[in-house]
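Peer 1:
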Amino acid sequence: MHPSDTVFSPSFGNRPSYLVGRDDMLDQLMRGLTSAPGSRDRAVVLLGQRGSGKTVLLWELADRMRRQNFVVATPTIVSESMLERIAEKIVDDAGTAAKGKAHVSGGSLGALGFSAGLQFQHDAPEPPSIQHRLTQLCRALTKQGRGVLILVDELQASNPEVRQLIITYQELVGEGLNVAIVLAGLPGAVSATLNDKVLTFLNRARKVPLEPLAFGDVDAFLARSFRQIGLAIDPDLRRRASSFTEGSPYLLQLVGHNTVQYAQPDGEVTEDTLEDALRTSQEDFENDVCRTTLAALSEKDIEFLDALAAESGEEGEGATAAIAERMGVTHDYAQKYRKRLIDAGIVQASGRGRVAMAVPHLADHLRRQAQE
Ligand SMILES: Nc1ncnc2c1ncn2[C@@H]1O[C@H](COP(=O)(O)OP(=O)(O)OP(=O)(O)O)[C@@H](O)[C@H]1O
Ligand SMILES: [Mg+2]
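Heads up: the sequence shown runs through residues 7 to 378, numbered per the numbering used here.
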């Protein structure tokens, strides 16, 4: 029987069956988030390209922080009435946790007192503002010795709701309340022209880039998973699959999934079936990541990337001077775009006056498009 895929799930926002290569990062984040209230390490901005695992990390932090006695507002996407959503989630999570506790301790008074602390006065003439409600919630929970963690996904730093949230958060911190916040977004989300308050806050917050997964972690995970699924693959072929992922979690899921799909009926992975699997994975990745990444850029940004793709080999790396020449612009002008694209996390500096693609297979994608 053809082995079926019980491990891989290439789909955005999906919790992976196994979280590869993020242990150290999570330990460090946890230490910061559970440090003394008011500590700078309690405000974190996670920055990473599409498919780098931001959403998955937020959910993982939610689980781990709950175990540290934190009430968690699970990831809220930046949107209208985001603060209301956050307040609702805090009430929900606090209620669930309290019920669990009451059950364990046989309906303790603490649990009842706890829920009473979250009641709002209904006879008040004006409904309290959302900021006020959030403050009351955090006060009540802090009094009970519990923390509050707010998680925000798909950060757009210039959004008015984000500004409101950050102002509120700073007030909570000012009161000495037991709160922490993690915001996740694309690297470009934070470099946009920002309002002072948000900018100052984000600059002070701990900025954590989501680095590509280490080759060793990826390869060990694939080896384990293929064995578990019942695939037979030559170690050299497996290493080729591992390096093809370039450390992108989403590409890793695609490669794993397609390797299983294309394997021979008896579970053997041959050079040919692997080639097919990698080609399909690359197509999916180009559609889901490369295309959406390019869609957010200006024409000139893309011209720069086209020139880099044409200039560079497999590695997608080249000299800024050569790119300027290809673009027919001055070095200073090309330099400006180099900086913009570095801020957006699409390229990275690679030695003096040189630049490299930071998105896997983007150079390939652009070269192929140029030929069409
Ligand atoms: N550490 C990891 N190990 C294994 N798989 C992972 C890991 N992180 C993420 N994934 C998988 O990669 C894919 C993308 O993850 P996720 O949706 O969290 O990315 P993202 O950074 O939030 O992307 P986007 O910017 O598009 O929202 C999912 O299929 C997820 O299961
Ligand atoms: Mg996401």
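Each residue gets a CB set at the ideal place from its N, CA and C atoms; glycine is no exception.
Looking only at DSSP bridge pairs, what is Gly-153 linked to?
Peer 2: For the purposes of this step, residue 153 is taken as the residue at position 147 of the sequence shown. Per DSSP, Phe-76.
Peer 1: Tell me whether Thr-82 sits in a helix, a strand or coil according to DSSP, three-state version.
Peer 2: Reading the sequence shown from its first residue, position 76 is the one you call residue 82. Thr-82 falls in the strand class under three-state DSSP.
Peer 1: Here's the rule I'm using: 16 or more other beta-carbon atoms within 10 Å means buried, otherwise exposed. How should Ser-318 be labelled?
Peer 2: The count along the sequence shown starts at 1 and reaches residue 318 at position 312. Buried, by the Cβ-count rule.
Peer 1: Report the residue from Ile-83, Tyr-256, Glu-177, Gln-270 whose alpha carbon sits nearest the alpha carbon of Gly-44.
Peer 2: Sequence index remark: in the sequence shown, residue 44 carries index 38 (1-based). When each option's Cα is compared against that of Gly-44, the closest is Glu-177.
Peer 1: Between which two residues does the beta strand (DSSP E) carrying Ile-352 extend?
Peer 2: For the purposes of this step, residue 352 is taken as the residue at position 346 of the sequence shown. Note, Ile-352: premise wrong, no beta strand (DSSP E); not H, not E.
Peer 1: With hydrogens ignored, establish whether the beta-carbon of Pro-16 is closer than 7 angstroms to any heavy atom of ligand 4.
Peer 2: No copy of ligand 4 occurs in the structure displayed; its ligands are ligand 1 and ligand 2 alone.
Peer 1: Could you tell me which whole beta strand (DSSP E) segments of length 3 or greater appear in the segment 260–332?
Peer 2: You should have 323–325.
Peer 1: Can you tell me the Cα-Cα spacing of Pro-271 and Pro-9, whole angstroms?
Peer 2: To locate residue 271, count along the sequence shown from 1; it is residue 265. To locate residue 9, count along the sequence shown from 1; it is residue 3. Taking the straight line from one Cα to the other gives about 8 angstroms.
Peer 1: Might you give, ordered along the chain, the residues of its own chain that have their beta carbon closer than 8 angstroms to the beta carbon of Lys-95, omitting 5 neighbours on each side?
Peer 2: The residue labelled residue 95 in the question sits at position 89 within the sequence shown. Closer than 8 angstroms at Cβ, skipping near neighbours: Val-78, Ala-79, Thr-80, Thr-82.
Peer 1: Mapping the DSSP letters down to three states, classify Arg-233 as helix, strand or coil.
Peer 2: Within the sequence shown, numbered from 1, the residue matching residue 233 stands at position 227. Arg-233: helix per DSSP, three-state reduction.
Peer 1: Would a C-beta distance cut-off of 8 angstroms place Leu-192 and Cys-144 closer than the cut-off?
Peer 2: Sequence index remark: in the sequence shown, residue 192 carries index 186 (1-based). Sequence index remark: in the sequence shown, residue 144 carries index 138 (1-based). No, Cβ-Cβ distance for Leu-192 and Cys-144 is not below 8 angstroms.
Peer 1: Taking the alpha-carbon of Leu-287 as reference, which of Thr-299, Arg-212, His-367, Lys-213 has the nearest alpha-carbon?
Peer 2: As a first step, residue 287 must be located in the sequence shown, where it is residue number 281. Leu is not the amino acid found at residue 287; the sequence shown has Ser there. Checking every option, the nearest Cα to that of Ser-287 belongs to His-367.
Peer 1: Assuming Leu-39 and Arg-48 are in contact, meaning their beta carbons sit under 8 angstroms apart, how far apart are those beta carbons, in whole angstroms?
Peer 2: Counting from 1 along the sequence shown, the entry for residue 39 is found at position 33. Counting from 1 along the sequence shown, the entry for residue 48 is found at position 42. Leu-39 to Arg-48, Cβ: 6 angstroms. Contact.
Peer 1: For Ala-247, which of Ala-229, Gly-59, Gln-234, Asn-75 has the nearest alpha-carbon?
Peer 2: Start at 1 with the first residue of the sequence shown, and residue 247 comes out as number 241. Comparing Cα-Cα distances from Ala-247 to each of Ala-229, Gly-59, Gln-234, Asn-75, the minimum goes to Ala-229.
Peer 1: Strictly under 8 angstroms for the Cβ-Cβ distance: is Ser-248 near chain B by that measure?
Peer 2: The chain labelled as chain B is not found in the depicted structure, where only one protein chain is given.
Peer 1: Could you tell me which residues DSSP pairs with Lys-213 in its beta bridges?
Peer 2: For the purposes of this step, residue 213 is identified with residue 207 of the sequence shown, where counting begins at 1. In the DSSP output, where bridge partners are listed per residue, Lys-213 has Val-51.
Peer 1: My output table needs one value for Val-224: the three-state DSSP class, helix, strand or coil.
Peer 2: If you number the sequence shown from 1, residue 224 lands on position 218. DSSP places Val-224 in helix when its eight states are reduced to three.
Peer 1: Give a yes or no on whether the C-beta atoms belonging to Leu-208 and Ala-163 are separated by under 8 angstroms.
Peer 2: Position 202 of the sequence shown holds residue 208. Position 157 of the sequence shown holds residue 163. For Leu-208 and Ala-163, yes; Cβs fall inside 8 angstroms.
Peer 1: Considering Cα atoms alone, identify which of Val-295, Ile-235, Leu-237 is closest to Ser-254.
Peer 2: Translated into the one-based positions of the sequence shown, residue 254 becomes position 248. Ranking the options by Cα distance to Ser-254, first place goes to Val-295.
Peer 1: Counting only the same chain and skipping the five closest in sequence on each side, list residues whose C-beta sits under 6 angstroms from that of Val-185.
Peer 2: For this step, residue 185 is matched to residue 179 along the sequence shown. Result list for Val-185: Cys-144, Val-154, Leu-178, in chain order.
Peer 1: Would you kindly check if the distance between the Cβ of Thr-174 and the Cβ of Gln-142 is under 8 angstroms?
Peer 2: The sequence position of residue 142 within the sequence shown is 136, counting from 1. The sequence position of residue 174 within the sequence shown is 168, counting from 1. It is not a contact, given that the beta carbons lie outside the stated cut-off.
Peer 1: In whole angstroms, give me the CA-to-CA distance for Leu-300 and Ile-308.
Peer 2: Taking the sequence shown and counting its residues from 1, one reaches residue 300 at position 294. Taking the sequence shown and counting its residues from 1, one reaches residue 308 at position 302. Near 7 angstroms, if we compare the C-alpha coordinates of Ile-308 and Leu-300.
Peer 1: In terms of residue numbering, what span does the beta strand (DSSP E) encompassing Ala-190 cover?
Peer 2: As a position in the sequence shown, residue 190 is number 184, starting the count at 1. 185–191 is the span of the beta strand (DSSP E), which, as asked, contains Ala-190.
Peer 1: Cβ of Leu-155 within 7 angstroms of any heavy atom in ligand 1?
Peer 2: As a working mapping, residue 155 is identified with position 149 in the sequence shown. It does not: the Cβ of Leu-155 is nowhere closer than 7 angstroms to a heavy atom of ligand 1.
Peer 1: Can you list, in chain order, the residues of its chain whose CB lies under 8 angstroms from that of Ala-376, leaving out five sequence neighbours each side?
Peer 2: Position 370 of the sequence shown, counted from the first residue, corresponds to residue 376. Excluding sequence neighbours, Ala-376 sits near Asp-312, Ala-315, Ala-316.
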